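Count along the sequence shown from 1, then add 28; that gives the number in my numbering. Ideal Cβ placement from N, Cα and C applies to all residues, glycine included. The model shown is predicted, which means the values in this text are computed figures rather than measured ones. One structure below.
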Amino acid sequence: MLLTPEQEKIGRDNFDQVVGQSRRDFIKGAVASAAGMGAVYFGYEELKGDKVKCAFIGTGDEGNVLITQHPDNYMDIVAIADLRPTNQERAFKGDGNEHRIGLVNKLGAERAEKIQVYNNHRELLADKDKLGIEMVVIAVPLNQHAPVAMECLDAGLHVLSEKLMAHNITECKQLIRKAKEKGLLYAVGHQRHYSVLYDNANHLVKEGHLGTIKFIRAQWHRNNSFPGRDSWRKSIPKADEAVVTDEMAKEFGYEDLNQLVNWRLFNSTGGGLMAELGSHQMDAASIFLGKVHPLAVQGYGGKNFYGVPGVGPEDKWDDDREIDDHIYVTFEFPGPTYYKEGTDEVHNERDICIVTYSSMSTNRWEPYGEAVFGSRATLIMKTEKEALLYKEASPNSNGGIDTRLWLVEGKSGGGVMDSYETTAAPTAVDTKVTEVSRGYTEEMEHFCHCIRTNNFKGPKEGGLKCNGTVAMADAIMAITANLAMKHKVRIEFKKEWFDPESDATPEADFADYGKEAHA
Ligand SMILES: NC(=O)c1ccc[n+]([C@@H]2O[C@H](COP(=O)([O-])OP(=O)(O)OC[C@H]3O[C@@H](n4cnc5c(N)ncnc54)[C@H](O)[C@@H]3O)[C@@H](O)[C@H]2O)c1
């Protein structure tokens with residue numbers, strides 16, 4: 029959708045206005061709270077007791093974002109581990125990007141100097157008692173999420189891992205069971221669970237301001253067609269080449285150094301666009317749909333650009349990546365009346381909401397986000413940073429992208445959205461709710477708080493919002509979508525896949541798919 033800067037401003041003001049009006053007291057309390065806005069939004073407090081002693085495993089691009097965002101008043105970083113010398117160094121010095129400032133800038137040289145450095149997670153774990161480590165933050169390539177997390181859980185450490193939870197669902201189930209057996213906390217960093225922006229947007233959905241939602245369109249579009257733009261294909265720094273041999277890389281789960289560096293391009297180390305990018309959008313879409321599990325998925329994925337002579341860039345005609353560079357997926361979700369309330373019994377099978385997801389490498393028209401299309405309003409989430417709200421025209425009032433709106437008292441009580449043909453707000457918006465953190469800090473704060481308060485409750489009872497079971501559902505969506513694209517079939521999700529106690533998994537169900545036909 030093409031919006032002028034004025035129309036975008038109207039959308040942002042609409043969002044602030046309606047959220048501000050419908051959550052006014054709550055937001056005022058959150059802004060004034062000593063514990064911080066995130067704490068009030070996500071139901072925790074300032075940390076009481078000692079900061080949680082933490083180690084970071086994997087200090088590449090994302091590990092460094094997390095280091096920059098880590099909450100210094102909840103967490104005490106005592107060690108880092110990384111296989112690559114360049115990324116060990118980056119953890120301290122940063123890389124000139126404001127999102128990756130490094131430990132020295134974050135904590136000061138004196139404190140940063142005391143942080144121990146290890147060449148891999150095993151060396152770090154060997155010193156865990158000496159350092160008093162209680163938790164780890166893991167940001168290594170996808171195929172190593174489960175193996176590294178299992179070793180950390182076995183060592184008695186709480187684990188906050190990056191997404192996708194694991195490379196397959198068998199591993200997800202093993203992780204949930206292991207954390208339970210050891211009495212440890214385990215969560216995954218799908219940060220939208222801790223984003224104030226998303227929480228406010230979801231509040232509007234739950235209050236019914238969007239009306240009936242039948243369609244969500246999500247996408248992550250990039251244009252990597254220009255030379256030097258393919259951010260997933262990296263050159264190997266000389267300093268890493270000098271230290272990390274192919275044998276060392278192999279010891280830690282990669283075929284060679286190239287695969288360690290370019291892990292996103294290979295099926296055995298990554299999960300393609302759906303796992304890396306789509307899992308975020310599907311997590312967001314499912315948050316708006318009440319975290320219900322999807323019913324079915326189908327889609328198309330192809331390596332349609334790289335390695336295609338005459339189409340892709342000439343220097344990439346022999347491109348060896350395995351993952352698709354364009355994917356288009358359609359999920360069917362149950363609407364609010366699909367099941368009989370509080371049961372698994374199908375009550376209204378036509379109450380379906382469709383979520384489409386596309387990710388491509390040749391055009392970044394709408395970079396990334398989700399658009400939620402309701403019968404009363406449209407909500408647009410842009411790049412995790414902005415939310416825009418536009419009203420549908422009704423018999424009594426205008427709507428559309430040029431119309432300001434706000435809440436008035438409805439006939440049966442409660443606020444309803446109204447609009448006027450003016451761009452001026454009736455009252456000043458006193459609650460600016462769109463310029464807020466992306467959720468990384470809050471997810472780490474809550475994790476530490478749950479450690480100190482021994483909080484093993486479920487997400488709806490104030491426990492970790494993206495615990496193993498929630499994160500596994502996100503992994504099931506991504507991995508099943510990959511299977512649907514690979515086999516070119518519509519797949520119905522099975523209830524038992526989502527049950528940590530059951531051994532059923534999508535990958536096991538599709539292990540022999542199509543083999544008979546080829547035999
Ligand atoms: N939440 C988000 O928005 C988000 C964004 C980007 C990446 N991620 C996730 O973060 C993870 C890391 O991605 P990245 O972009 O930082 O990758 P990266 O390749 O830049 O960094 C990974 C680092 O892990 C290190 N490593 C690998 N195995 C190790 C081991 N056994 N011990 C110690 N270090 C080890 C590598 O040497 C490398 O420096 C991925 O799972 C990715 O999906 C999440």
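C-alpha distance - residue 170 paired with residue 178, whole-angstrom precision: Each residue's alpha carbon lies about 14 angstroms from the other.
Whole beta strand (DSSP E) elements within the stretch 222-299, 3-residue minimum: Taking 3 residues as the minimum length, the beta strand (DSSP E) runs contained wholly in the stretch 222-299 are 241-249, in order along the chain.
Does DSSP classify residue 356 as helix, strand or coil? Strand at residue 356.
Which residues does DSSP pair with residue 495 in a beta bridge? The partner list for residue 495 (beta bridge, DSSP) reads 215.
Just checking residue 70 against ligand 1 - is the residue's beta carbon closer than 8 angstroms to any of the ligand's heavy atoms? Not under cutoff, so the answer is no.
Could you please give me the residues that DSSP links to residue 149 through a beta bridge? Partner(s): none; residue 149 has no beta bridge.
Which of helix, strand or coil does DSSP assign to residue 161? Under the three-state reduction of DSSP output, residue 161 falls in the coil class, being neither helix nor strand.
Check the DSSP bridge columns for residue 434 and list the partner residues they point to. Residue 434 is bridged by DSSP to 446.
Once DSSP output is grouped into helix, strand and coil, what is the label at residue 468? Residue 468 falls in the helix class under three-state DSSP.
If distances are taken between C-alpha atoms only, which option among 436, 367, 51, 523 comes closest to residue 230? Measuring C-alpha to C-alpha distances from residue 230 to each of 436, 367, 51, 523 identifies 51 as the nearest.
CA-CA distance, residue 186 and residue 280? Residue 186 and residue 280: Cα-Cα distance of roughly 21 angstroms.
Between which two residues does the alpha helix (DSSP H) containing residue 84 stretch? Element bounds for residue 84: not the alpha helix (DSSP H) but the beta strand (DSSP E), 80-85.
Classify residue 122 as helix, strand or coil using the three-state DSSP reduction. Of the three classes helix, strand and coil, the one that applies to residue 122 here is coil, per DSSP.
DSSP on residue 362, reduced to helix/strand/coil? DSSP places residue 362 in strand when its eight states are reduced to three.
Taking 9 angstroms as the threshold (C-beta atoms), are residue 120 and residue 111 in contact? Result no, Cβ atoms of residue 111 and residue 120 do not sit closer than 9 angstroms.
Classification of residue 217 by the beta-carbon crowding that lies within 10 angstroms, buried from 16 upward: Answer is buried; the Cβ neighbour count reaches 16.
Helix, strand or coil, according to DSSP, for residue 410 in the structure here? In the structure shown, residue 410 sits in a strand (DSSP, three-state: E or B).
Sequence ranges, alpha helix (DSSP H) only - wholly within the stretch 302-379, length at least 4: Every unbroken stretch of the alpha helix (DSSP H) spanning 4 or more residues and falling wholly within the stretch 302-379 is given here in chain order: 307-316.
Exposed or buried, what is residue 176 when buried is set at 16 or more other beta-carbons lying within 10 Å of its beta-carbon? Classification of residue 176: buried, given that the 10 Å Cβ count is 16 or more.
Does ligand 1 have a heavy atom nearer than 8 angstroms to the CB of residue 186? Distances between the C-beta of residue 186 and the heavy atoms of ligand 1 are all 8 angstroms or more.
Report the option in 61, 427, 74, 399 whose CA atom is closest to the CA atom of residue 100. Nearest of 61, 427, 74, 399 to residue 100, Cα basis: 74.
So within the stretch 168-214, which uninterrupted beta strand (DSSP E) runs reach at least 3 residues, ignoring any that extend past its ends? Note on the stretch 168-214: whole beta strand (DSSP E) runs with a minimum of 3 residues are 186-189, in chain order.
Might you give, ordered along the chain, the residues of its own chain that have their beta carbon closer than 7 angstroms to the beta carbon of residue 456, omitting 5 neighbours on each side? Per-residue confidence for residue 456 stands at a pLDDT of 47, beneath the threshold of 50, marking its modelled position as unreliable; the derived number appears in the next sentence. Taken in chain order, the list of residues that qualify is empty.
What I want to know is whether the C-beta of residue 219 ends up closer than 8 angstroms to one or more non-hydrogen atoms of ligand 1. Checking the 8 angstroms criterion, the Cβ of residue 219 is within range of a heavy atom belonging to ligand 1.
Exposed unless 16 or more other CB atoms sit within 10 angstroms - verdict on residue 8: In the structure as shown, the chain starts at 29 and stops at 547, and residue 8 therefore has no counterpart that could be examined.
Which residue comes first and which comes last in the alpha helix (DSSP H) that contains residue 38? Per DSSP, residue 38 is one residue of the alpha helix (DSSP H) stretching across 33-50.
Considering only C-alpha positions, which residue in the set 115, 182, 275 is nearest to residue 264? A check of alpha carbon separations from residue 264 across 115, 182, 275 identifies 115 as the nearest.
At a cut-off of 8 angstroms, would you count residue 475 as near ligand 2, judging by its Cβ distance to the nearest heavy atom? With respect to ligand 2, the structure shown offers nothing to examine, as its ligands consist of ligand 1.
Starting from the Cα of residue 314, find the closest Cα among 432, 113, 137, 400 and give me that residue. For residue 314, the nearest C-alpha among the options comes from 400.
Under the criterion of a Cβ to heavy atom distance below 8 angstroms, does residue 518 qualify as lining ligand 1? No, ligand 1 has no heavy atom inside 8 angstroms of this Cβ.
Given 8 angstroms as the limit, tell me if residue 493 has its C-beta closer than that to any heavy atom belonging to ligand 1. The closest heavy atom of ligand 1 lies 8 angstroms or more from the beta carbon of residue 493.
Do you know offhand how far residue 533's Cα is from residue 527's? Going by C-alpha positions, residue 533 is about 9 angstroms away from residue 527.
Nearest-angstrom Cβ-Cβ length linking residue 380 and residue 362, presumed shorter than 8 angstroms: The beta-carbon separation of residue 380 and residue 362, rounded to 7 angstroms, stays under the 8 angstroms limit for a contact.
Member of 490, 174, 404 whose CA lies at the smallest distance from the CA of residue 13: Only positions 29 to 547 of the chain appear in this structure, which leaves residue 13 out of reach.
Keeping to the same chain, check which residues put their C-beta closer than 7 angstroms to that of residue 508; ignore five residues upstream and five downstream. The answer, listed in chain order, is 325, 519, 521, 534.
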